[in-house]
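In what follows, a single structure is set out as structure tokens and then discussed.
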Amino acid sequence: MDTLQLPFHDAKGLGYWGIIDGVRLGNLRPTVSANCPPWLRDLADACLSFDPTQRPSAQMIVESLQKVLYRSEELSVLIVQEPTTKLAEPRAVSSPVCIMSTKSPEPVIKPPASDMPIDADKASTVDALASSMAPLASTGTATESSTSMLVSTQFMCQLCFASNSLLQTHCESCTEELASTLTKLQVVLKRVAVAKKKELKINDGLVCICCDAQQSMEATACSECNEALPNDQSKLSILLRRIEKMTKATT
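Position 121, counted from 1, in the sequence shown is what full-length UniProt numbering calls 121; the numbers after and before it change by one each time, with no gaps.
So this is what it looks like as structure tokens:
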């Protein structure tokens with residue numbers, strides 16, 4: 001894959017059917033060049049595994065490539081764009097290059113600790129919304145169904161701070177458009193995670209309708225059979241119904 005040449009182009013004395021038989025019997029195996037990047041070598045080895053169960057699915061391959069692309073984008077952010085910027089004095093080979101500027105120093109941009117590609121702005125928004133709207137406690141006496149939930153099913157408008165149902169698309173008070181369905185889903189999953197730490201049993205997963213495999217609520221396709229999972233709106237509705245059912249069973 002790294003040379004863009006035909007497989008077994010350098011195999012001498014083997015015809016078409018000879019190559020087919022060699023691959024079928026496991027005697028022939030494509031190889032990568034010595035200059036192949038480590039991530040591509042690992043991916044190729046996994047895809048060429050003789051055991052079919054050890055080969056990654058199409059979804060896993062796409063996620064692996066997304067990680068590589070995301071790391072490349074992070075490196076491009078570090079490119080100096082100011083004309084007055086100059087490099088500091090050379091250091092040891094193992095030490096990182098320091099950027100010196102005539103302007104006031106700015107904080108260094110560091111990549112996220114997780115390998116999963118996450119938009120920084122979206123992640124900070126979800127964290128802020130989740131922390132500002134923590135799950136309501138069930139120990140007090142409640143007068144309304146929204147305040148008696150073990151996990152809050154309300155969403156605060158960032159314009160007028162009015163409380164709205166998570167299923168609404170616009171604020172009832174000021175008609176401002178609320179956050180996207182994906183953001184709401186991520187907020188509810190964070191609230192459920194906090195509730196589970198308090199020993200509340202709330203199922204936050206999915207089951208594939210084709211192979212019955214357990215899947216994460218954030219997955220878009222089954223990791224076993226690649227069947228498409230419900231969309232974000234359906235996932236949000238499922239979570240809210242589970243929360244309501246758990247609340248009724250507890251109270």
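Every residue gets a Cβ at the ideal spot worked out from N, C-alpha and C, and that includes glycine.
In whole angstroms, what is the alpha-carbon distance linking residue 30 and residue 226? To locate residue 30, count along the sequence shown from 1; it is residue 30. To locate residue 226, count along the sequence shown from 1; it is residue 226. About 26 Å.
Helix, strand or coil at residue 252 according to DSSP, with G and I counted as helix: In the structure as shown, the chain starts at 1 and stops at 251, and residue 252 therefore has no counterpart that could be examined.
I need the DSSP call for residue 44, collapsed to helix, strand or coil. What you label residue 44 is simply residue 44 of the sequence shown in a count that begins at 1. In this structure, residue 44 counts as helix in the three-state DSSP scheme.
Coarse secondary structure for residue 215, derived from DSSP in three states: Taking the sequence shown and counting its residues from 1, the one referred to as residue 215 is at position 215. DSSP places residue 215 in strand when its eight states are reduced to three.
Uninterrupted alpha helix (DSSP H) stretches inside the region 157–213 (no shorter than 4 residues): Within the region 157–213, complete alpha helix (DSSP H) segments of at least 4 residues are found at 181–197, given in chain order.
Quick one: is residue 188 buried, meaning 16 or more other Cβ sit within 10 Å of its Cβ, or exposed? Within the sequence shown, residue 188 is the residue found at index 188, counting from 1. It is buried - the Cβ of residue 188 has at least 16 other Cβ atoms within 10 Å.
Rounding to the nearest angstrom, what Cα-Cα distance links residue 232 and residue 39 in this structure? Counted from its first residue, the sequence shown places residue 232 at position 232. Counted from its first residue, the sequence shown places residue 39 at position 39. In a straight line, the C-alpha of residue 232 is about 31 Å away from that of residue 39.
Report buried or exposed for residue 152, applying the criterion of at least 16 other Cβ atoms within 10 angstroms of its Cβ. Translated into the one-based positions of the sequence shown, residue 152 becomes position 152. Around the beta carbon of residue 152, 16 or more other beta carbons lie within 10 angstroms, which makes this residue buried.
Using a threshold of 8 Å, state whether the C-beta atoms of residue 162 and residue 177 are closer than that. For this step, residue 162 is matched to residue 162 along the sequence shown. For this step, residue 177 is matched to residue 177 along the sequence shown. At least 8 Å separates the beta-carbon of residue 162 from that of residue 177.
The region 15–22 in contact with the region 184–198 per 3-pair CB rule at 8 Å: Contact check between the region 15–22 and the region 184–198: fewer than three CB pairs, one atom from each, fall below 8 Å, which does not count as touching.
Exposed unless 16 or more other CB atoms sit within 10 angstroms - verdict on residue 174: As a first step, residue 174 is located in the sequence shown; it is residue number 174 there, counting from the start. Residue 174 should be labelled exposed.
Going by the CB atoms, is the gap between residue 166 and residue 65 shorter than 8 Å? Position 65 of the sequence shown, counting from 1, holds the residue named residue 65. Position 166 of the sequence shown, counting from 1, holds the residue named residue 166. Not a contact, by the Cβ cut-off of 8 Å.
Look at the alpha carbon of residue 214 and the alpha carbon of residue 205, and state the distance between them as a whole number of angstroms. Reading the sequence shown from its first residue, position 214 is the one you call residue 214. Reading the sequence shown from its first residue, position 205 is the one you call residue 205. Spanning the two alpha carbons is a distance of roughly 7 Å.
Proximity of residue 32 and residue 46 at Cβ, strictly below 8 Å: Numbered from 1 along the sequence shown, position 32 holds the residue referred to as residue 32. Numbered from 1 along the sequence shown, position 46 holds the residue referred to as residue 46. No, Cβ-Cβ distance for residue 32 and residue 46 is not below 8 Å.
Just mark residue 241 as buried or exposed, buried being the case when its beta carbon has 16 or more other beta carbons within 10 Å. If you number the sequence shown from 1, residue 241 lands on position 241. By the 10 Å Cβ count, residue 241 comes out exposed.
Would you mind working out which of 243, 221, 248 and 193 sits nearest residue 59, comparing C-alpha positions? By one-based count along the sequence shown, residue 59 stands at place 59. Relative to the Cα of residue 59, the nearest Cα in the group 243, 221, 248 and 193 belongs to 221.
Cβ-based neighbour list, residue 54, same chain, cut-off 8 Å, excluding 5 preceding and 5 following: If you number the sequence shown from 1, residue 54 lands on position 54. Taken in chain order, the residues that qualify are 46.
Run of the alpha helix (DSSP H) containing residue 24, from where it starts to where it stops: Along the sequence shown, read from residue 1 onward, the residue named residue 24 stands at position 24. It spans 16–25 - the alpha helix (DSSP H) in which residue 24 sits, taken as one unbroken run.
Buried or exposed: which applies to residue 3, given that a residue is buried once 16 or more other Cβ atoms fall within 10 Å of its Cβ? For the purposes of this step, residue 3 is taken as residue 3 along the sequence shown, with counting starting at 1. Burial check for residue 3: the Cβ neighbour count within 10 Å stays below 16, so the residue is exposed.
For a test of the three-state rule: what should DSSP assign to residue 154, helix, strand or coil? Counting from one through the sequence shown, the residue named residue 154 turns up at place 154. Three-state DSSP puts residue 154 in a strand.
Our contact map puts residue 218 next to residue 208 with C-beta atoms below 8 Å; I'd like the distance itself, whole angstroms only. In the sequence shown, the residue the question calls residue 218 occupies position 218. In the sequence shown, the residue the question calls residue 208 occupies position 208. Actually they are not in contact, since the Cβ atoms of residue 218 and residue 208 sit about 14 Å apart, beyond 8 Å.
DSSP state of residue 34, grouped into three classes? Walking along the sequence shown from the start, residue 34 turns up at place 34. Assignment of residue 34 by DSSP, reduced to helix, strand and coil, places it in the coil class.
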